[in-house]
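For the sequence shown, the residue numbers in this note's numbering are 1 to 379. Yeah, the Cβ is synthetic: ideal placement off N, Cα and C, and Gly gets one too. Down below is the structure, laid out as structure tokens.
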Amino acid sequence: MLGFFRRYSFAAVVAVGLGLMALVIVGKTILSSGDASTAGQAAPGPGGPGGGLLVVAATAEMHVFTDGLQALGTAQARESIVLTPKVADTIRTIRFESGDRVRRGQVLVEMSSVEQAADLAEARASDQAAQEELRRTQELFDRGFASQARLDTVRAAAEAAQARLNAGGSRIADRTIRAPFAGVVGLRTASPGQYVRPGDQIGTLDDVAEIKLDFDVPETQIARVRDGVEIVARTAAYPDRAFAGHISNVDSRIDPNTRTVRVRAMLPNRDEALRPGMLMTVEVRSNPREALAIPEIAIVDRADGAYVYRVAAAEGGSQAELVRIQTGARAGGMAEVLEGLGRGDRVITEGVQSVRPGQPVQIAAPAAAVEDAPLRPRG
Numbered sequence: 001m002l003g004f005f006r007r008y009s010f011a012a013v014v015a016v017g018l019g020l021m022a023l024v025i026v027g028k029t030i031l032s033s034g035d036a037s038t039a040g041q042a043a044p045g046p047g048g049p050g051g052g053l054l055v056v057a058a059t060a061e062m063h064v065f066t067d068g069l070q071a072l073g074t075a076q077a078r079e080s081i082v083l084t085p086k087v088a089d090t091i092r093t094i095r096f097e098s099g100d101r102v103r104r105g106q107v108l109v110e111m112s113s114v115e116q117a118a119d120l121a122e123a124r125a126s127d128q129a130a131q132e133e134l135r136r137t138q139e140l141f142d143r144g145f146a147s148q149a150r151l152d153t154v155r156a157a158a159e160a161a162q163a164r165l166n167a168g169g170s171r172i173a174d175r176t177i178r179a180p181f182a183g184v185v186g187l188r189t190a191s192p193g194q195y196v197r198p199g200d201q202i203g204t205l206d207d208v209a210e211i212k213l214d215f216d217v218p219e220t221q222i223a224r225v226r227d228g229v230e231i232v233a234r235t236a237a238y239p240d241r242a243f244a245g246h247i248s249n250v251d252s253r254i255d256p257n258t259r260t261v262r263v264r265a266m267l268p269n270r271d272e273a274l275r276p277g278m279l280m281t282v283e284v285r286s287n288p289r290e291a292l293a294i295p296e297i298a299i300v301d302r303a304d305g306a307y308v309y310r311v312a313a314a315e316g317g318s319q320a321e322l323v324r325i326q327t328g329a330r331a332g333g334m335a336e337v338l339e340g341l342g343r344g345d346r347v348i349t350e351g352v353q354s355v356r357p358g359q360p361v362q363i364a365a366p367a368a369a370v371e372d373a374p375l376r377p378r379g
């Protein structure tokens with residue numbers, strides 16, 4: 001009797017186990033079919049609800065292009081001099097400090113001129129006496145009490161006295177250094193009481209309100225440079241700034257050794273950021289023209305030419321159309337289109353590597369546009 005119960009209990013356990021396994025298998029099957037159904041409803045196509053590949057497109061529009069020419073140039077002040085004395089003497093006074101802004105005609109340096117001042121005072125007194133003598137002799141001559149010869153002698157003496165006075169004033173002026181133009185004084189390199197000779201540097205004076213930029217251009221490119229052509233210059237000191245200017249002069253001669261011509265451009269420098277001596281890269285923007293353009297990232301370069309994917313109308317939406325184009329200049333991320341597209345055509349700029357000719361596509365807004373879009377309250 002006990003063996004009977006043991007045999008039937010074991011059979012019941014086995015039956016229950018098999019039943020549970022069957023339930024697990026059926027449940028997994030139902031869940032898998034449900035997930036597949038849900039996934040099919042959520043993603044009917046590769047790009048979204050419309051069934052097309054999601055891409056970003058740009059419109060072909062008119063853009064200004066130029067024929068770029070690169071060169072290296074050196075910045076120079078519009079006007080620049082070295083402050084140096086005309087005569088050998090001792091500095092009496094220096095009326096500027098390093099970095100001062102000075103006006104035109106302002107006295108910068110006075111040399112010791114005691115002896116010259118005394119000579120000038122003597123010459124001034126002699127001149128006054130000679131002029132008075134000439135006045136009296138002229139009156140006597142007019143009244144008939146002096147001869148013509150006497151008048152001529154007195155007049156010559158008066159003119160000589162005037163010349164000596166002018167010479168004395170000139171010697172005083174030679175010992176006074178004035179600013180010939182408005183500008184900024186550089187580092188002072190002399191001190192009061194120092195004995196200096198002609199050619200000894202006391203300081204520098206630069207007018208940097210406008211910068212002269214000289215650079216060399218190959219003679220084969222001389223047709224691109226002429227007065228008035230726009231340029232853009234950059235320097236490593238200000239990597240994020242571009243300085244715009246124009247060509248003011250082209251040298252009349254070509255260097256026979258380097259086969260280049262020297263070109264001079266002028267750059268406004270109102271904030272005085274540019275300094276004389278700076279090395280600058282120059283881009284000459286000649287032959288400005290307005291042409292059809294598209295973003296350069298839309299172009300697919302192949303061995304047989306350049307292609308783009310144009311968005312074309314199709315039944316029920318849009319599709320990608322592979323179009324061969326002819327490009328021209330490329331600058332600033334834009335490419336000039338000479339043939340193959342028309343104004344207003346849309347070309348794919350993002351998703352180019354994934355799209356295929358004839359494939360349905362959906363146009364999405366660029367990421368920047370999505371970020372800038374205003375938030376709408378949920379309904």
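(Q) Suppose you measure from the CA of ILE325 to the CA of ASP345; what does that come to, to the nearest Å? (A) Here residue 325 is taken as the residue at index 325 of the sequence shown, counted from 1. Here residue 345 is taken as the residue at index 345 of the sequence shown, counted from 1. Each residue's Cα considered, the two are about 12 Å apart.
Q.
Just to confirm, is the Cβ distance from LEU54 to GLN359 under 9 Å?
A. Walking along the sequence shown from the start, residue 54 turns up at place 54. Walking along the sequence shown from the start, residue 359 turns up at place 359. In this structure, GLN359 does not lie closer than 9 Å to LEU54 by Cβ.
Q | Of the residues ALA233, ILE247, ALA242, GLU79, the one placed nearest ILE222, counting alpha carbons only | A | Translated into the one-based positions of the sequence shown, residue 222 becomes position 222. Minimum Cα distance to ILE222 is reached at ILE247.
Q | Terminal residues of the beta strand (DSSP E) in which THR153 lies | A | Against the sequence shown, residue 153 aligns to sequence position 153. Looking at the DSSP string, THR153 is not in any beta strand (DSSP E); the run it does join, the alpha helix (DSSP H), is 148-174.
Q | ARG103 to LEU140 span [Cα, whole Å] | A | Walking along the sequence shown from the start, residue 103 turns up at place 103. Walking along the sequence shown from the start, residue 140 turns up at place 140. Rounded to whole angstroms, ARG103 to LEU140 spans 50 Å at the Cα level.
Q: Evaluate VAL337 with the Cβ neighbour count: other Cβ atoms within 10 Å of its Cβ, from every protein chain shown; 16 or more gives buried, anything less gives exposed.
A: Sequence index remark: in the sequence shown, residue 337 carries index 337 (1-based). Result: buried.
Q) Just how far apart, CA to CA, sit GLN162 and ARG124? A) Here residue 162 corresponds to residue number 162 of the sequence shown, with the count starting at 1. Here residue 124 corresponds to residue number 124 of the sequence shown, with the count starting at 1. Between GLN162 and ARG124, the C-alpha separation is close to 8 Å.
Q | Cβ neighbours of ALA364 in the same chain (closer than 6 Å, five flanking residues each side left out) | A | Taking the sequence shown and counting its residues from 1, the one referred to as residue 364 is at position 364. Only LEU54, VAL56 meet the Cβ criterion.
Q) When burial is assigned at 16 or more other CB atoms within 10 Å of the CB, is PHE145 buried or exposed? A) The residue you call residue 145 lines up with position 145 of the sequence shown. PHE145 comes out exposed.
Q: For THR280, count neighbouring C-beta atoms within 10 Å of its own C-beta (all shown protein chains included) and say buried if the count is 16 or more, exposed if not.
A: Within the sequence shown, the letter at position 280 stands for residue 280. The residue you asked about is not Thr; residue 280 is Met in the sequence shown. With 16 or more Cβ atoms within 10 Å of its Cβ, MET280 is classed as buried.
(Q) Within the continuous beta strand (DSSP E) that includes ILE247, where are the two ends? (A) Counting from one through the sequence shown, the residue named residue 247 turns up at place 247. Start and end: 238-255.
Q | Through-space distance from VAL107 to ILE75, alpha-carbon basis | A | Mapped onto the sequence shown, residue 75 falls at position 75. Mapped onto the sequence shown, residue 107 falls at position 107. The question names Ile, but residue 75 is Ala in the sequence shown. If you take the alpha carbons of ALA75 and VAL107, they lie about 28 Å apart.
Q: Please classify ALA179: is it buried, with 16 or more other beta-carbons within 10 angstroms of its beta-carbon, or exposed?
A: Locating residue 179 in the sequence shown gives position 179, counting from the first residue. It counts as buried.
Q. Contact between the stretch 289-303 and the stretch 83-101: three or more CB pairs below 8 Å?
A. no
Q. In whole angstroms, what separates the C-alpha of PHE96 from that of LEU187?
A. Taking the sequence shown and counting its residues from 1, the one referred to as residue 96 is at position 96. Taking the sequence shown and counting its residues from 1, the one referred to as residue 187 is at position 187. If I take the Cα positions, the gap works out to 10 Å.
Q.
Tell me whether the stretch 211-227 and the stretch 262-274 touch, counting them as touching only if at least three CB pairs, one residue from each stretch, are closer than 8 Å.
A. yes
Q.
With the cut-off set at 9 Å, would you say ASP100 and VAL196 are in Cβ contact?
A. Start at 1 with the first residue of the sequence shown, and residue 100 comes out as number 100. Start at 1 with the first residue of the sequence shown, and residue 196 comes out as number 196. No, the Cβ-Cβ distance between ASP100 and VAL196 is not below 9 Å.
**Q.** 7 Å CB neighbourhood of ARG259 in its chain, flanking five on each side removed
**A.** As a working mapping, residue 259 is identified with position 259 in the sequence shown. The answer, listed in chain order, is PRO218, GLU219.
Q. Can at least three beta-carbon pairs, one atom from the stretch 302-319 and one from the stretch 346-357, be found at a separation below 8 Å?
A. yes
(Q) Can you determine whether any heavy atom of the ligand ZN sits closer than 8 Å to the C-beta of ARG343, and answer yes or no? (A) Inclusion of the ligand ZN in the displayed structure is not the case, the ligand content being empty and no account of it being possible.
Q) Can you give the beta carbon distance from ILE202 to ARG285, rounded, assuming they're within the 8 Å contact cut? A) Position 202 of the sequence shown, counted from the first residue, corresponds to residue 202. Position 285 of the sequence shown, counted from the first residue, corresponds to residue 285. 42 Å between Cβ atoms; not a contact.
Q: Return the first residue and the last residue of the beta strand (DSSP E) that MET391 is part of.
A: Since the displayed the chain opens at 1 and closes at 379, residue 391 lies outside it and no answer follows.
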